[in-house]
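Colleague: I am attaching a structure below and will ask some questions about it afterwards.
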Amino acid sequence: MRVLIVGTGGMANQHAEAYAAMDGVQIVAGVDPNPQNLYAFNAKHGITHAFDRVEDALNWGEFDAVSNVTPDAVHHATTLPLLQAGKHVLCEKPLAATYSDAAEMAQAAADAGVVNMVNLTYRNVPALMQAAEIVAAGEIGEVRHFEASYLQSWLTQPTWGDWRTEDQWLWRLSSAHGSMGVLGDVGVHILDYATFAAGSDAAAVSCRLKTFDKAENNCIGVYHLDANDSMTMQLELRNGAVGVIHASRFASGHLNDLRLRLFGTKGGLEVCFENEISTLRSCIGGDMMTGAWTDIPPVPVRTNYERFIDAVRSNRQAGPDFARGASLQRVLDAAMVSDTDGARDQVL
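Residues 77 to 424 (my numbering) are what the sequence shown spells out, left to right.
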């Protein structure tokens with residue numbers, strides 16, 4: 077299978093490495109308007125063809141499937157022509173910058189009849205997938221309450237690089253460069269993490285977003301640092317459960333940690349992904365009397381990249397699809413409205 081990669085920034089390397097490890101998959105071209113990034117990326121991964129526009133790649137046409145790893149704000153503009161040309165697309169999250177754009181992309185994918193997926197990478201976490209199965213099987217009863225967090229600290233220490241000087245971090249702090257802040261960058265992950273495992277979409281949301289001072293006049297070079305750094309969210313789900321979600325880039329002591337706790341009428345679950353290790357614990361049935369929690373051994377799962385290629389080969393849709401991405405974007409849009417409206421509830 078011939079894969080095109082659109083966007084050659086840092087995350088594109090993960091896509092390229094994942095495809096390179098699969099039998100029968102070849103990355104045939106890269107697309108990026110920045111020639112320095114494009115040619116360095118192609119050289120690193122042994123890719124022979126290079127284009128500065130999606131339209132030029134489509135005119136060439138020698139590819140079957142696409143990974144779209146462009147900045148959030150251009151997912152819509154770069155994905156639509158690919159769908160209209162009948163190409164299968166795995167798009168980075170969030171699906172688009174607005175719900176209207178995301179909904180248009182989902183409809184275009186459905187109309188084209190192509191495989192479409194959103195790269196919500198924590199669907200690769202075995203503990204999360206097992207938790208969703210346990211909830212769906214009714215083992216913890218009716219879900220009543222949940223807590224979820226996604227904590228990073230790259231604004232407090234340089235483990236991943238110097239955010240003050242590196243473009244791959246600075247653009248994430250600037251709305252003018254396509255960033256929705258922590259809400260769009262990792263908030264979409266933990267929102268999917270929680271609602272997917274709980275087995276229900278959001279029905280109402282209230283949210284507070286916070287941008288902290290990080291530089292003189294909050295500017296570094298061409299970057300105006302106005303995107304949100306921390307967020308707190310309250311949700312009610314369609315199944316009646318209520319809960320809280322929070323995320324931050326200022327969570328000192330946490331490099332890239334996700335945690336979810338689900339509480340039902342028959343038991344509870346705790347899902348953690350910390351230091352690249354996923355764990356799942358349960359307190360179900362008789363254990364509820366003593367508060368005893370039991371570790372559940374992880375069961376390996378196929379990655380989004382593998383499931384995307386499987387879906388293209390079998391011509392069968394896999395999740396999370398664009399419709400799921402649009403549903404999440406609707407919540408993110410409502411969260412933004414809630415923040416500007418004094419954190420009032422937004423009914424979905």
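Ideal placement from N, C-alpha and C gives every residue a C-beta, glycine not left out.
Runs of 4 residues minimum, wholly inside the stretch 136 to 175: which ones carry the alpha helix (DSSP H) assignment?
Modeller: Listed in chain order, they are 151 to 160.
Colleague: Would Asn135 and Gly83 be called neighbours here (beta carbons separated by less than 8 Å)?
Modeller: No, Cβ-Cβ distance for Asn135 and Gly83 is not below 8 Å.
Colleague: How would you label Glu131, buried or exposed, when you count the other beta carbons within 10 angstroms and need 16 or more for buried?
Modeller: By the 10 Å Cβ count, Glu131 comes out exposed.
Colleague: Quick check: the Cα distance between Asn380 and Met193, rounded to an integer number of angstroms?
Modeller: The straight-line gap from Cα to Cα measures roughly 8 Å.
Colleague: Please determine if the stretch 194 to 209 and the stretch 339 to 349 are in contact, where contact requires at least 3 C-beta pairs separated by less than 8 Å.
Modeller: The stretch 194 to 209 is in contact with the stretch 339 to 349.
Colleague: Distance check for His265 and Asn391, CA to CA, integer angstroms please.
Modeller: Straight-line Cα distance between these residues: approximately 26 Å.
Colleague: By a C-beta neighbour count over all protein chains shown, 10 Å radius and 16 as the cutoff for buried, is Ser328 buried or exposed?
Modeller: Label assigned to Ser328: exposed.
Colleague: Give the C-beta separation of Pro374 and Leu345 to the nearest angstrom, bearing in mind that I take them to be a contact with Cβ-Cβ under 8 Å.
Modeller: With 8 Å as the limit, Pro374 and Leu345 do not qualify as a contact, their Cβ atoms being about 14 Å apart.
Colleague: What residues in its chain sit with their C-beta under 6 Å from that of Gly361, if we drop five residues either side in the sequence?
Modeller: So no residue of the chain qualifies.
Colleague: Helix, strand or coil for Arg284? Go by DSSP, reduced to three states.
Modeller: Arg284 falls in the strand class under three-state DSSP.
Colleague: Just to confirm, is the Cβ distance from Asp302 to Phe326 under 8 Å?
Modeller: No, the pair does not count as a contact, with Cβ atoms beyond the cut-off.
Colleague: Kindly give me the distance between the Cβ atoms of Asn315 and Ser354, rounded to whole angstroms, as I take these residues to be in contact under 8 Å.
Modeller: 24 Å between Cβ atoms; not a contact.
Colleague: Got a sec: is the Cβ-Cβ distance from Arg220 to anything in chain D below 8 Å?
Modeller: Looking for chain D here will not work: only one protein chain is present.
Colleague: Only counting the same chain, and skipping five residues up and downstream in sequence, which positions put a Cβ closer than 6 Å to that of Gln422?
Modeller: Excluding positions up to five away in sequence, the list reads Val281, Ala410, Val413, Ser414.
Colleague: In terms of alpha-carbon separation, which member of Arg129, Ala88, His151 lies closest to Met256?
Modeller: Taking only the C-alpha atoms, the option nearest Met256 is His151.
Colleague: Give the straight-line distance between the Cα atoms of Trp236 and Gly86, rounded to the nearest whole angstrom.
Modeller: Taking the straight line joining both Cα atoms gives about 11 Å.
Colleague: In its own chain, which residues sit with a C-beta less than 6 Å from the C-beta of Gly254, not counting the 5 before and 5 after it?
Modeller: Excluding residues within five positions, the ones whose Cβ falls inside 6 Å are Pro147, Asp148, Ala149.
Colleague: Would you kindly work out how many angstroms separate the C-alpha atoms of Lys120 and Met364, rounded to a whole number?
Modeller: Rounded to the nearest angstrom, the two C-alpha atoms are 53 Å apart.
Colleague: Give every residue of the same chain whose Cβ lies closer than 7 Å to the Cβ of Ala179, excluding the five residues on either side of it in the sequence, and list them in chain order.
Modeller: Closer than 7 Å at the Cβ level, and outside the excluded window around Ala179, lie Ala402.
Colleague: What residue range is occupied by the uninterrupted beta strand (DSSP E) comprising Met193?
Modeller: Residues 192 to 195.
Colleague: Candidates Thr370, Ala126, Ala141: which alpha carbon is nearest Arg78's?
Modeller: Nearest C-alpha to Arg78: Ala141.
Colleague: Helix, strand or coil: which one does DSSP assign to Asp371?
Modeller: Correct three-state label for Asp371: strand.
Colleague: So, Cys191 versus Glu138, is the Cβ gap smaller than 8 Å?
Modeller: Correcting the residue type first, residue 191 is Val in the shown sequence and not Cys. Cβ distance not < 8 Å, so Val191 and Glu138 don't count as in contact.
Colleague: With DSSP run on the structure shown, which of helix, strand or coil describes Arg199?
Modeller: In this structure, Arg199 counts as helix in the three-state DSSP scheme.
Colleague: Please name the residue in Ala208, Pro376, Gln393, Phe339 whose C-alpha comes closest to that of Leu367.
Modeller: Correcting the residue type first, residue 367 is Gly in the shown sequence and not Leu. With distances taken between Cα atoms, Gly367 lies closest to Phe339.
Colleague: Hey, which unbroken runs of the beta strand (DSSP E) at 3 residues or more fall wholly within the stretch 262 to 341?
Modeller: DSSP runs (the beta strand (DSSP E)) wholly in the stretch 262 to 341: 278 to 286, 306 to 313, 318 to 324, 332 to 340.
Colleague: Rounded to the nearest angstrom, what separates Ser251 and His300 at their Cα positions?
Modeller: Distance between the alpha carbons of Ser251 and His300: 8 Å.
Colleague: Considering only C-alpha positions, which residue in the set Asn332, Arg335, Leu285, Asp371 is nearest to Asp417?
Modeller: The residue with the shortest Cα to Cα distance from Asp417 is Leu285.
Colleague: Relative to the C-alpha of Cys283, which residue among Leu246, Leu424, Ile321 is closest?
Modeller: Of the listed residues, the one whose Cα sits closest to Cys283 is Ile321.
Colleague: Less than 7 Å separating the Cβ of Gln310 from some heavy atom of the ligand COA?
Modeller: Among the components modelled here there is no ligand, and therefore nothing to report on the ligand COA.
Colleague: Put Leu356 into one of helix, strand or coil per three-state DSSP.
Modeller: Correct three-state label for Leu356: strand.
Colleague: Pick out whichever of Ala208, Val388, Gly100 has its Cα sitting closest to the Cα of Phe272.
Modeller: Nearest of Ala208, Val388, Gly100 to Phe272, Cα basis: Ala208.
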